[in-house]
Ligand SMILES: NC(=O)c1ccc[n+]([C@@H]2O[C@H](COP(=O)([O-])OP(=O)(O)OC[C@H]3O[C@@H](n4cnc5c(N)ncnc54)[C@H](OP(=O)(O)O)[C@@H]3O)[C@@H](O)[C@H]2O)c1
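In the working numbering, the protein residues as written are 1 to 276.
Structure follows, in structure tokens:
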């Protein structure tokens, strides 16, 4: 699975399956990312807010592969909503990573977390365009190759598409058994925006779920393998996170096919919260 690729709307080829690093400390990040690259992962997802860009960058520099064989994604923090602040954030992120350029920079959230979590009606359309402008300038400078968004709803994306020069190539959102935002997924698909599926295992909450456990047993696979395959069959790019090299390999060993009937059953699983 690690060799398979999607094509982004700017023509860039990206892996169908990538490696997530949320909740991996800066101290552990170099070893974890080195192991992930050794396993065959070629796209690494980090963020300014994860506090591990230094360790991620060290692994990219020291892994022995050409920089162009790897893709690295970072994210502008949820509460950074100014042009000047974003310019500074990009400089600092690139300094910490020290890998020459970023393949993708995302706006981590359309609004600060407390407002996103509370489903606040307040929008940050103007602010996100300011952030985007600073990101576009880094693309013009060659320091970032492509831009994307994360946790964006349809109106938030439409704002960028209507007003910005560079279109987002991805939207990184939560997609897993028990949480499939079908409207955003199909809106993005129609516009060639690839969905990066975060928390494919619902941050661990699906590991002992009765339905995923029962279906995984029928296929002779682990629950994470079933959950990752589910996201792949939705046409998204899952980003499983694990600190264990053995699990990194297991999570990429997903060349089985979930039947239409089982996909339908998995799509009916009631809401599973990845946190809480
Ligand atoms: N854009 C956003 O707002 C956002 C939000 C959340 C996440 N993300 C991204 O998405 C990535 C994935 O989300 P997530 O970190 O919640 O990951 P996840 O893969 O849904 O869950 C990770 C949990 O599952 C366990 N796990 C993974 N593979 C396993 C296996 N084969 N067997 C048993 N347990 C396994 C991990 O444990 P061990 O580590 O102990 O193996 C960890 O406890 C993040 O790392 C981050 O890059 C983005």
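Just so it is clear, CB atoms sit at the ideal spot from N, CA and C, and this is done for glycine as well.
Proximity to residue i [Cα-Cα], best of the options
| i | options | result |
| --- | --- | --- |
| residue 30 | 203, 52, 122 | 52 |
| residue 158 | 125, 182, 24, 178 | 125 |
| residue 260 | 13, 156, 233, 274 | 233 |
| residue 165 | 67, 113, 140 | 140 |
| residue 264 | 203, 274, 180 | 180 |
| residue 150 | 33, 241, 184, 210 | 184 |
| residue 21 | 275, 228, 240 | 240 |
Distance cut-off 7 Å: residue i Cβ against heavy atoms of ligand 1
| i | result |
| --- | --- |
| residue 20 | yes |
| residue 111 | no |
| residue 151 | yes |
| residue 45 | yes |
| residue 203 | yes |
| residue 251 | yes |
| residue 200 | yes |
| residue 208 | no |
| residue 102 | no |
| residue 52 | no |
| residue 71 | no |
Own chain partners of residue i with C-beta closer than 7 Å, once the 5 adjacent residues on each side are dropped
| i | result |
| --- | --- |
| residue 281 | For the chain, the structure presents residues 1 to 276; residue 281 sits outside this window and is missing. |
| residue 48 | 74, 75, 76, 77, 89, 93 |
| residue 192 | 9 |
| residue 242 | 248, 251 |
Same chain, Cβ closer than 6 Å to residue i, neighbours up to 5 away in sequence not counted
| i | result |
| --- | --- |
| residue 224 | 201, 251 |
| residue 127 | 81 |
| residue 24 | 32, 52 |
| residue 79 | 112 |
Same chain, Cβ closer than 8 Å to residue i, five either side skipped, listed in chain order
| i | result |
| --- | --- |
| residue 83 | 130, 131, 133, 134 |
| residue 39 | 2, 245, 248, 249, 252 |
| residue 35 | 245, 248 |
With three or more beta-carbon pairs closer than 8 Å as the criterion, would you say the region 102-114 touches the region 52-63?
no
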